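In our numbering, the protein residues as written are 11 to 151.
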């Protein structure tokens with residue numbers, strides 16, 4: 011018998027422009043976390059406006075523009091924080107004929123979690139992208 015997953019994540023919505031489906035997102039994270047070995051490691055997903063995301067991107071990466079997702083490493087048992095601009099995610103999904111807003115949010119969370127786990131698509135010779143593709147297929151996102 012498998013014990014239920016102790017909820018080890020927070021979903022924080024700091025924007026009001028786009029509705030975030032907490033229940034479905036929570037179920038997605040409850041299935042994704044064990045697949046990534048995150049049962050004992052806490053993390054948060056924070057939804058922001060483009061303006062707030064632009065400030066984080068400027069202050070921590072030196073780019074004075076918004077971006078879709080940023081990841082910040084935690085310490086100890088805390089994995090870290092994933093920041094998502096809901097405005098940018100929404101605009102990305104609107105430009106695609108096949109990508110819904112909810113699916114894009116899931117993809118961005120997956121991308122952020124892989125960064126928190128140490129993957130880096132800029133330096134790992136495609137390892138992160140391959141892992142991301144496998145997990146997207148598995149979790150239909």
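Cβ coordinates follow ideal geometry from the N, Cα and C atoms, glycine included. Note that this is a predicted model, so its numbers are computed, not measured.
In or out: residue i buried (at least 16 other Cβ within 10 Å) or exposed?
| i | result |
| --- | --- |
| residue 122 | buried |
| residue 128 | exposed |
| residue 53 | buried |
| residue 14 | Reliability fails at residue 14, whose pLDDT of 46 lies under 50, so the model's placement of it is uncertain and the value that follows must be treated cautiously. Classification for residue 14: exposed. |
| residue 114 | buried |
| residue 132 | exposed |
| residue 45 | exposed |
Tell me, please, whether the CB atom of residue i is closer than 8 Å to any CB atom in chain D?
| i | result |
| --- | --- |
| residue 144 | Of the protein chains in the structure, only one exists, and it is not chain D. |
Need the endpoints of the beta strand (DSSP E) that residue i sits in, please.
| i | result |
| --- | --- |
| residue 119 | No beta strand (DSSP E) holds residue 119; the alpha helix (DSSP H) holding it covers 111-126. |
| residue 19 | 19-23 |
| residue 58 | 52-58 |
Check for me: the alpha helix (DSSP H) holding residue i runs from which residue to which?
| i | result |
| --- | --- |
| residue 100 | 96-105 |
| residue 41 | 32-45 |
| residue 142 | 137-148 |
Would you check whether the ligand ATP has a heavy atom nearer than 7 Å to the C-beta of residue i?
| i | result |
| --- | --- |
| residue 104 | As for the ligand ATP, it is missing from this structure, which has no ligand bound. |
Which residues share a DSSP beta bridge with residue i?
| i | result |
| --- | --- |
| residue 91 | 54 and 82 |
Please identify the residue among the options whose C-alpha is closest to the C-alpha of residue i.
| i | options | result |
| --- | --- | --- |
| residue 55 | 90, 109 and 145 | 90 |
| residue 99 | 111, 106 and 88 | 111 |
| residue 80 | 39, 70, 116 and 35 | 70 |
Quiz item: How do the region 64-73 and the region 20-33 stand: do at least 3 beta-carbon pairs fall below 8 Å, yes or no?
Solution: Inter-segment contact for the region 64-73 and the region 20-33 is absent: fewer than three beta-carbon pairs are separated by less than 8 Å.
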